[in-house]
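Novice:
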Amino acid sequence: MSLASDLQTPVGTAAAKLDFQVEGMTCASCVSRVEKAIRAVPGVASATINLATERATVDFSGALDPRGVVSAIEKAGYAVRSETTELLIEGMTCASCLSRVEKALTAVPGVASASVNLATEKAVVTHPADTVTRSQLEEAVRARGYDVVQQATVTPDAEPEDRRAIEIIGLRNSLALSAVLTIPLFGMEMGSHFIPAVHDWIMMGLGHANSLYIQFAVATAVLFGPGLRFFRKGIPNLFRLAPDMNSLVVLGTSAAWLYSVVATFLPGLLPEGTRNVYFEAAAVIVTLILLGRFLEARAKGRTSQAIKRLVGLQPKTARVVRNGVALEVPLETVVAGDVLEIRPGDRVPVDGTVVDGNSYVDESMITGEPVPARKSAGSEVVGGTINKTGAFSFTATKVGAETILAQIIRMVEAAQGSKLPIQAMVDKVTAWFVPAVIGAALLTFAAWFIFGPSPALTFGLVNAVAVLIIACPCAMGLATPTSIMVGTGRAAEMGILFRKGEALQTLRSAQVVALDKTGTLTKGKPELTDIEVVTGFDRREVLRLVASVEAKSEHPIAEAIVAAAEAEGLVRGPVDGFSAEPGFGVIGNVDGRSVLVGADRAMTKAGIDVAAFNTTASRLGDEGKTPLYAAINGQLAAVIAVSDPVKETSREAIRALHDLGLKVAMITGDNARTAHAVAFRLGIDEVVAEVLPDGKVAAIKRLKEGGRTVAFVGDGINDAPALAEADVGLAVGTGTDIAIESADVVLMSGDLRGVPNAIALSKATIGNIKQNLFWAFGYNVILIPVAAGLLYPVNGTLLSPVLAAGAMALSSVFVLGNALRLRGFHPPVKQGAGNGAEPNTLEFNQMETAS
338 MSLASDLQTP
348 VGTAAAKLDF
358 QVEGMTCASC
368 VSRVEKAIRA
378 VPGVASATIN
388 LATERATVDF
398 SGALDPRGVV
408 SAIEKAGYAV
418 RSETTELLIE
428 GMTCASCLSR
438 VEKALTAVPG
448 VASASVNLAT
458 EKAVVTHPAD
468 TVTRSQLEEA
478 VRARGYDVVQ
488 QATVTPDAEP
498 EDRRAIEIIG
508 LRNSLALSAV
518 LTIPLFGMEM
528 GSHFIPAVHD
538 WIMMGLGHAN
548 SLYIQFAVAT
558 AVLFGPGLRF
568 FRKGIPNLFR
578 LAPDMNSLVV
588 LGTSAAWLYS
598 VVATFLPGLL
608 PEGTRNVYFE
618 AAAVIVTLIL
628 LGRFLEARAK
638 GRTSQAIKRL
648 VGLQPKTARV
658 VRNGVALEVP
668 LETVVAGDVL
678 EIRPGDRVPV
688 DGTVVDGNSY
698 VDESMITGEP
708 VPARKSAGSE
718 VVGGTINKTG
728 AFSFTATKVG
738 AETILAQIIR
748 MVEAAQGSKL
758 PIQAMVDKVT
768 AWFVPAVIGA
778 ALLTFAAWFI
788 FGPSPALTFG
798 LVNAVAVLII
808 ACPCAMGLAT
818 PTSIMVGTGR
828 AAEMGILFRK
838 GEALQTLRSA
848 QVVALDKTGT
858 LTKGKPELTD
868 IEVVTGFDRR
878 EVLRLVASVE
888 AKSEHPIAEA
898 IVAAAEAEGL
908 VRGPVDGFSA
918 EPGFGVIGNV
928 DGRSVLVGAD
938 RAMTKAGIDV
948 AAFNTTASRL
958 GDEGKTPLYA
968 AINGQLAAVI
978 AVSDPVKETS
988 REAIRALHDL
998 GLKVAMITGD
1008 NARTAHAVAF
1018 RLGIDEVVAE
1028 VLPDGKVAAI
1038 KRLKEGGRTV
1048 AFVGDGINDA
1058 PALAEADVGL
1068 AVGTGTDIAI
1078 ESADVVLMSG
1088 DLRGVPNAIA
1098 LSKATIGNIK
1108 QNLFWAFGYN
1118 VILIPVAAGL
1128 LYPVNGTLLS
1138 PVLAAGAMAL
1148 SSVFVLGNAL
1158 RLRGFHPPVK
1168 QGAGNGAEPN
1178 TLEFNQMETA
1188 S
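Under our numbering, think of the first position of the sequence shown as 338, with each following residue one higher.
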């Protein structure tokens, strides 16, 4: 989507000039073209382009229209560089707050879009580079009654543990004080109604008037002490004609308190029979709402625990070898190229390459793979992983924000802060919800006052207050973001990274999962899989001789044979007379023996009969392999197969996808015979073979016909177009950076069982969101009419404001508690070596056509 399509409609005249960073200009004709395009935009007085700085300065004669300017530049064939600014906002309590902040930010001239997350309390604002300043955005937020935390950037370390702790402590203290004052007040008022002894003591000992004065003093202390936080936010928003949840609390408690004050000090102003007091209701409402806010704040903190754990993986110090001495230094002083020492039990501080030593490293928090990985010279290590038993030293290759751990944290944060399409409906409702509730409360009061039984004034007041208090948009605002935070965090713990939040919603609807072959279904690296020798020949000796000759070749098949010989500890001999004939094979002399290795046509050309291996060759062909033969001194010695083995987990992953009711397709550049042989063995439903990268895109489009949602899983550079074309692209983390950047979801371990797990988690998360939304909306749809007194004519039921406050607090806590259940999500397929793995018998040749 272009930036122009995101920009808002013309805005006000807060400024007469805007600057735009234009990309793609190379010469004076480009400048002329861009200037002409901008000047044609209505409202533009002049436009000046600086080619050296690539800056367009636009003067407006009327209302600012950044969207029109950006659109004109893009239509002229150039791009406008955009950037994002992130704000940490304090004071948001409900969905209406979120909507209000977003509107304030998008109203700032030049802002393209603004997304606010209630759970993380973050706003991400997109705008053309250099057109909007941070101070402008902060000013817009503060003008709506909210505050912005003063920090230049919001980083994982800055995600406000201290601020969150301060908020929780403040709420806890306010709740404690409010409860200490409210409980005696509630006891006095309710006890006098239901406990004769309390009633007698108040009437005869304390005195009714003194009782009212004490209730007034205590309720006032609660409202304007612990409850003052509601007035500080709610009243300014009322005056701005933008009421929020705080405004509802203020209106409800103030109405109950003021009515009670009049009944206590000026009873003559009220009709006989209506001089009741509701001091205890006002105080209990404040206490219960503070309780809900306190529980909500604690639960919010738990929703981001995955991020906190990821941040906590990085040690604070590292042992760096400098001038031959290992020194403990702060992590931030480590630079690429430093050599670091790792001892048993140490956490690897940064990414790097092992230069000395051997060990096993637990990479589970990065990849989701529970089995420690062996590390030796040349192995890659990842910052944040835990060394187990051995010791090693490594050279730092990536530090700071470039490490894989830092990238993972950024991916998870981006997904947690994103909005799903389902949120659009919530935003539309919450935009008018609070004003509608105030209208409903006024209507309730008027209906009871005009048509209600005596005392009509009392009935009208109580029911209007109940409507104001019970209508809680907090639950609506928290329903989606909390589930996203917990769901994406749980996914990260499983080695599944949602780079784009939208994928979390789309993936659950997948009907077809298309898989690349090489590196996705297979290991992506050729291995020697079969070697059968003729009677009279020794297998190890034949392998040694063949490897000696193949060592002179650069073909991938040769590399696999040499690697297999080295793995068996075989020592290659010197080779002379080496020659290679493309399409046939290689020949050379080793230890005085002539060794020929090649296809059947090479043997035929040399006059060597391969009929002894016809049965074996046929079997290898059925398995998708192409046999090679070896002859020594003109005699057939062995049949060999080198192929790219299927990952041990592929069959189980495909079975799990079928269990989820999905169709599985394979799209590959390999030859059709090989592809169909593998598909048959793995149970794949559909095969598209012998396609180039653009052919993969066409195959994805065909699979999407009929409105089917297609997920594509790949790992290579040639998979990037298909990953982008699919409804959801999943890249295996062992693949290339380009593939990962093109994907919506990244499987860090490269284990295909992550695909059904990701789909199952997507279904669980969206199901959780729907449960939250059902509760949040259903709660209001059902209880607002009850609070208004709809059931009173039927069975005399009325909802006390106190019960309304309790129910309101419960709704938010319920939504948060339900979202936190996702932390216990159990994947349908357990990942990890040895779990459900089958013998490595599914192999095929990938040499004929690159996948």
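For every residue, glycine included, the Cβ atom is placed at its ideal position computed from N, Cα and C. Remember, it's a predicted structure, so these values are computed and weren't measured experimentally.
1. Measure the Cβ-Cβ separation of V979 and A897 and say whether it is below 7 Å.
2. Taking G721 as the reference, give the member of V555, A516, G727, K735 with the closest Cα.
3. With H, G and I counted as helix, E and B as strand and the rest as coil, what does DSSP make of L999?
4. When you compare the stretch 812-822 with the stretch 1039-1050, are there three or more beta-carbon pairs, one atom per stretch, that lie closer than 8 Å?
5. Could you tell me the boundaries of the alpha helix (DSSP H) in which R577 lies?
6. What's the gap between the Cα of K354 and the Cα of I775?
7. Select from G428, N660, H1013, T690 the residue whose C-alpha is nearest the C-alpha of G571.
8. Based on DSSP bridge pairs, tell me the residues matched to H1163.
9. Apart from the five residues on each side of it in sequence, which residues of its chain come closer than 7 Å, Cβ to Cβ, to A793?
10. So for A593, helix, strand or coil by DSSP?
11. How do the stretch 1152-1167 and the stretch 817-825 stand: do at least 3 beta-carbon pairs fall below 8 Å, yes or no?
12. Can you say whether A1026 is buried or exposed, counting buried as having 16 or more other CB atoms within 10 angstroms of its CB?
13. What's the C-alpha gap between V1131 and V1123?
14. What's the C-alpha gap between S450 and T740?
15. According to DSSP, is K712 helix, strand or coil?
16. Between which two residues does the beta strand (DSSP E) holding P982 run?
17. Leaving out five residues before and five after N613 in sequence, what residues of the same chain have Cβ atoms less than 7 Å from its Cβ?
18. Is the stretch 965-975 close to the stretch 938-947, with three or more CB pairs under 8 Å?
19. Strictly by DSSP, which residues pair up with Q358?
20. Rounded to the nearest angstrom, what separates F631 and V478 at their Cα positions?
21. From which residue to which residue does the alpha helix (DSSP H) around S472 run?
22. Distance, Cα to Cα, A579 vs V687?
23. Taking only three categories from DSSP, how would you classify S1137?
24. In whole angstroms, what separates the C-alpha of A516 from that of S436?
25. Count the other C-beta atoms from every protein chain shown that fall within 10 angstroms of the C-beta of L1060, then say buried if there are 16 or more, exposed otherwise.
26. So does the stretch 452-469 actually touch the stretch 839-851, counting three or more Cβ pairs closer than 8 Å?
27. Do G1051 and D853 have their C-beta atoms closer together than 7 Å?
28. Over the uninterrupted alpha helix (DSSP H) stretch that includes H545, give me the two end residues.
29. Please name the residue in E839, A968, W594, R877 whose C-alpha comes closest to that of V555.
30. Quick one: is L1120 buried, meaning 16 or more other Cβ sit within 10 Å of its Cβ, or exposed?
31. Tell me, which residues are paired with K968 by DSSP?
32. Assign P863 to one of two classes, buried (16 or more other C-beta atoms within 10 Å of its C-beta) or exposed (fewer than that).
33. Could you check how far apart the C-beta atoms of R881 and R909 are, in whole angstroms? I think they sit under 8 Å.
34. With distances taken Cα to Cα, identify the nearest neighbour of F616 among V1065, I759, Y596.
35. What whole-angstrom Cβ distance do G832 and L1084 have, given they're in contact under 8 Å?
36. What does the alpha-carbon distance come out to for the pair S1086 and V1069?
Specialist: Quick answer:
1. Looking up residue 979 in the sequence shown gives position 642. Looking up residue 897 in the sequence shown gives position 560. Yes, the pair counts as a contact, with Cβ atoms nearer than the cut-off.
2. As a first step, residue 721 must be located in the sequence shown, where it is residue number 384. Checked all of V555, A516, G727, K735; the closest Cα to G721 is K735.
3. Counted from its first residue, the sequence shown places residue 999 at position 662. The answer is coil: DSSP assigns L999 none of H, G, I, E or B.
4. no
5. Here residue 577 is taken as the residue at index 240 of the sequence shown, counted from 1. Segment: none, R577 is in no alpha helix (DSSP H) and carries neither H nor E.
6. The residue you call residue 354 lines up with position 17 of the sequence shown. The residue you call residue 775 lines up with position 438 of the sequence shown. Answer to the nearest angstrom: the Cα atoms are 41 Å apart.
7. Position 234 of the sequence shown, counting from 1, holds the residue named residue 571. Here the closest residue by C-alpha is G428.
8. In the sequence shown, residue 1163 corresponds to position 826, counting from 1. According to DSSP, H1163 bridges with nothing at all.
9. The residue you call residue 793 lines up with position 456 of the sequence shown. Hits under 7 Å: W785, F786.
10. Translated into positions along the sequence shown, residue 593 becomes position 256. Helix, per DSSP.
11. yes
12. If you number the sequence shown from 1, residue 1026 lands on position 689. Label assigned to A1026: buried.
13. Start at 1 with the first residue of the sequence shown, and residue 1131 comes out as number 794. Start at 1 with the first residue of the sequence shown, and residue 1123 comes out as number 786. Their Cα atoms are separated by approximately 11 Å.
14. Along the sequence shown, read from residue 1 onward, the residue named residue 450 stands at position 113. Along the sequence shown, read from residue 1 onward, the residue named residue 740 stands at position 403. Straight-line Cα distance between these residues: approximately 29 Å.
15. By one-based count along the sequence shown, residue 712 stands at place 375. Looking at K712 - three-state DSSP - the assignment turns out to be strand.
16. Residue mapping note: residue 982 aligns to position 645 of the sequence shown, counting from 1. It spans 972-982 - the beta strand (DSSP E) in which P982 sits, taken as one unbroken run.
17. As a first step, residue 613 is located in the sequence shown; it is residue number 276 there, counting from the start. Taken in chain order, the residues that qualify are A600, T795.
18. yes
19. Residue mapping note: residue 358 aligns to position 21 of the sequence shown, counting from 1. Partner(s): R392.
20. The residue given as residue 631 occupies position 294 in the sequence shown. The residue given as residue 478 occupies position 141 in the sequence shown. Their backbone Cα atoms lie some 24 Å apart in a straight line.
21. Within the sequence shown, the letter at position 135 stands for residue 472. Segment 471-480, the alpha helix (DSSP H) holding S472.
22. Position 242 of the sequence shown holds residue 579. Position 350 of the sequence shown holds residue 687. A579 and V687: Cα-Cα distance of roughly 49 Å.
23. If you number the sequence shown from 1, residue 1137 lands on position 800. In the structure shown, S1137 sits in coil (DSSP, three-state: anything other than H, G, I, E or B).
24. Position 179 of the sequence shown holds residue 516. Position 99 of the sequence shown holds residue 436. One C-alpha to the other measures close to 32 Å.
25. Stepping through the sequence shown from its first residue, residue 1060 is reached at position 723. Buried: at least 16 other Cβ atoms inside 10 Å.
26. no
27. In the sequence shown, counting from the first residue as 1, residue 1051 sits at position 714. In the sequence shown, counting from the first residue as 1, residue 853 sits at position 516. Yes. Within cutoff.
28. Position 208 of the sequence shown holds residue 545. Residues 545-560.
29. On the sequence shown, residue 555 is found 218 positions in, with the first residue counted as 1. Ranking E839, A968, W594, R877 by Cα distance to V555 puts W594 first.
30. For the purposes of this step, residue 1120 is taken as residue 783 along the sequence shown, with counting starting at 1. Buried, since its Cβ has 16 or more Cβ neighbours within 10 Å.
31. On the sequence shown, position 631 is the one that residue 968 refers to. The question names Lys, yet the displayed sequence has Ala at residue 968. DSSP, once it has assigned bridges, lists L933, L973 as partnering A968.
32. As a position in the sequence shown, residue 863 is number 526, starting the count at 1. Result: buried.
33. Counted from its first residue, the sequence shown places residue 881 at position 544. Counted from its first residue, the sequence shown places residue 909 at position 572. About 7 Å; that satisfies the 8 Å criterion.
34. Your numbering for residue 616 matches position 279 in the sequence shown. Nearest option by C-alpha distance: Y596.
35. Position 495 of the sequence shown, counted from the first residue, corresponds to residue 832. Position 747 of the sequence shown, counted from the first residue, corresponds to residue 1084. Right, their Cβ atoms sit about 7 Å apart.
36. Residue mapping note: residue 1086 aligns to position 749 of the sequence shown, counting from 1. Residue mapping note: residue 1069 aligns to position 732 of the sequence shown, counting from 1. Their backbone Cα atoms lie some 7 Å apart in a straight line.
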